[in-house]
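Taken in order, the sequence shown gives residues 216 to 299; the numbers are from my numbering. Below is one structure, written out as structure tokens; comments come after it.
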Amino acid sequence: MKPLETEYKGWTIRVITRSTGRAWSALVEAWPPGKSGESGDKNAELVPYNATSQNEKAAQEAGRIAAVRFIDARTAKAEKTTKK
216 MKPLETEYKG
226 WTIRVITRST
236 GRAWSALVEA
246 WPPGKSGESG
256 DKNAELVPYN
266 ATSQNEKAAQ
276 EAGRIAAVRF
286 IDARTAKAEK
296 TTKK
């Protein structure tokens, strides 16, 4: 399956799955607004994700959920910084 690419709050998310024997894992990357994946992987932020799933689709979904949490945390942190 090709990488899952979606958007959330203007961020671009890419989930690349791989088989780890009997399970599936994923590499999850996110690009802030204005720095899409097309502008190069050097702008990507690696999303902390270390889990396995029973199948590829589940690994994609879990990876995307990890990215959404990561983005929510980043945007909440940015909002706190601007309110000071």
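Using N, Cα and C, we set each Cβ at its ideal position, and we do this for glycine too.
Between residue i and residue j, what straight-line distance do the alpha-carbon atoms span, to the nearest angstrom?
i	j	result
R229	N265	15 Å
T232	Y223	19 Å
L261	L242	8 Å
Would you mind sorting residue i into buried or exposed? The rule is 16 or more other CB atoms within 10 Å of its CB.
i	result
Q269	exposed
R284	exposed
E244	buried
R237	exposed
G249	exposed
With DSSP as the reference, please indicate the residues paired to residue i in a beta bridge.
i	result
Y223	W226
R233	S240
Note the first and the last residue of the continuous beta strand (DSSP E) segment covering residue i.
i	result
V262	No beta strand (DSSP E) contains V262, which DSSP labels as neither H nor E.
S240	239–246
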